[in-house]
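Right, one structure below, let's go through it.
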Amino acid sequence: MTILVVGLALALGIYLWWQAGIVPRVKTLPLTNGPASETPRQTSNRAANEPGQTSGLPSAQSVAQTRAVAPRPVAPATPTLPELTNIPPATVLENLRHAFRQYAARFGGNPVGTNPEITSLLNGRNPRQVQFLNPEDGLRVNETGELVDNWGTPFFFHQLSAKEMEVHSAGPDRILWTADDLVVK
3 MTILVVGLAL ALGIYLWWQA GIVPRVKTLP LTNGPASETP RQTSNRAANE
53 PGQTSGLPSA QSVAQTRAVA PRPVAPATPT LPELTNIPPA TVLENLRHAF
103 RQYAARFGGN PVGTNPEITS LLNGRNPRQV QFLNPEDGLR VNETGELVDN
153 WGTPFFFHQL SAKEMEVHSA GPDRILWTAD DLVVK
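The opening position of the sequence shown corresponds to residue 3 in my numbering, with each subsequent residue numbered one higher.
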């Protein structure tokens, strides 16, 4: 009985998710092995444009033709550490604080997680795919997807509350928790 209730709740959740239009575009491939020059065609999230479709759900034919689902589109990652600009470290921290405030205003709270997870959310991998990070503001991402300070050291994010984040830069010595650290809330 419990499994049935959970299954129905899951099916309802998937249906509501589909109706909200959050589902990424699906790339369909032909079922037959056609010539290599054929390119997969794109279908929309909703199959309402297909004849006879009124519910917004894909037809059995389009589901049968679908072999692979493309992952959710992600904002392009910043290439390995852009060149250091002449922006002072304190200004970079202020720009980062501004990015957090913009995110909180849009989504009702700060992003949570590790440095790479927070960076990913600020860099466009959020429900609305809004990019809050701008390399021109001195906000740089290293090759492992972490936001880094002017010296190339990953920032440390300390979540003080749902609406307040403390950001630590290791400073010129590149070691956290020393006298030269820069901190902003």
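For every residue, glycine included, the Cβ atom is placed at its ideal position computed from N, Cα and C.
How do the segment 119–135 and the segment 93–107 stand: do at least 3 beta-carbon pairs fall below 8 Å, yes or no?
Verdict: yes, contact present.
Using 8 Å for Cβ pairs, my map puts Val185 next to Glu168. What's the rounded Cβ distance?
Val185 to Glu168, Cβ: 6 Å. Contact.
Spatially closest choice to Gln161 from Val143, Leu12, Val114, by CA coordinates:
For Gln161, the nearest C-alpha among the options comes from Val114.
Measuring only the C-alpha atoms, how far is Arg142 from Leu178?
One C-alpha to the other measures close to 18 Å.
Just checking my contact of Thr121 with Gly154 at CB under 8 Å: how many whole Å lie between their CB atoms?
About 14 Å; that fails the 8 Å criterion.
DSSP puts Glu168 in a beta bridge; with which residues?
Residue pairing from DSSP places Glu168 in a beta bridge opposite His160.
In the DSSP output, what is Leu184 paired with across the bridge?
Per DSSP, Ser171.
Assuming Asp151 and Ala172 form a contact by the criterion Cβ under 8 Å, report the distance between their Cβ atoms to the nearest whole angstrom.
About 7 Å; that satisfies the 8 Å criterion.
Of all the options Pro156, Arg130, Leu12, which has the alpha carbon lying nearest to the alpha carbon of Thr105?
The identity of residue 105 in the sequence shown is Tyr, whereas the question assumes Thr. Considering only alpha carbons, the answer is Arg130.
Which of the three DSSP states is assigned to Ile5 in this structure?
Of the three classes helix, strand and coil, the one that applies to Ile5 here is helix, per DSSP.
Strictly by DSSP, which residues pair up with Asn125?
Beta-bridge pairing links Asn125 to Gln133.
Would Phe157 pass as a contact of Leu149 if the rule is Cβ separation under 7 Å?
For the pair Phe157 and Leu149, the CB atoms are nearer than the 7 Å cut-off.
By DSSP's criteria, Val143 is part of a beta bridge. Which residues make up the other side?
Val143 is bridged to Leu149.
Would you identify the three-state DSSP class for Thr93, choosing helix, strand or coil?
It is helical.
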